[in-house]
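Taking it in order: structure first as structure tokens, then the write-up.
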Amino acid sequence: MAKIYHFPQGKEKNKIKKQIKKIKGASVVKRRKETALSALKKIFFFIRVFIGVSCDVIFSMIVGLCRGVIYLTVILGGFFLIIKYNTNGGVWDGSMWFVILMLVLGSLGDVSEWCLFQRLMGTYSFKNR
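Residue numbering for the sequence shown follows our numbering, beginning at 15 and increasing consecutively.
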């Protein structure tokens, strides 16, 4: 006797349609997610590069400025530290730390090739050497 196949009807038919739609839509959803993640990775990398380069340029400018006035900083800064320390009762305050920072930054050499912030952000390319 021949077996008769009964096509699904009603709820069973709707259930099968949903499963087929879910299977067909899975690849589209996966591609959308991959595209969105790829775009977000590129945007985040661009932001990191921008921040790293900007901070490196600002740091180089600050060190250059401190190097430009290093001789004044050593003489006047040393004098300022001695006077401030003696008149302030031996207590260090913010202005004294600022003078020390200027002395340290002024003693640094060429910092433009260090690329500290680009390395910190993970965007420094060693091929640029």
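All C-beta atoms in this analysis are idealised placements derived from N, C-alpha and C, irrespective of residue type, glycine included.
Keep in mind the model is a prediction, meaning the values are calculated, not measured.
Distance between beta carbons of residue j and residue i, contact taken as under 8 Å
{"i": "V88", "j": "L117", "result": "7 Å"}
{"i": "F73", "j": "V113", "result": "No, F73 and V113 are not in contact; Cβ-Cβ is about 19 Å, not under 8 Å."}
7 Å Cβ cutoff met for residue i and residue j
{"i": "Q7", "j": "G78", "result": "This structure cannot settle anything about residue 7, because the visible part of the chain is limited to 15 through 143."}
{"i": "R62", "j": "M135", "result": "yes"}
{"i": "M110", "j": "L95", "result": "yes"}
{"i": "P8", "j": "I34", "result": "The question about residue 8 has no answer here: the residues shown for the chain are numbered 15 through 143."}
Residue i classed as buried or exposed, judged by whether at least 16 other C-beta atoms fall within 10 angstroms
{"i": "G123", "result": "exposed"}
{"i": "D70", "result": "buried"}
Inset, instruction - With a floor of 4 residues, list each alpha helix (DSSP H) that falls wholly inside the segment 58–143, ordered by position along the chain. - result: 92–101, 108–121 and 130–135
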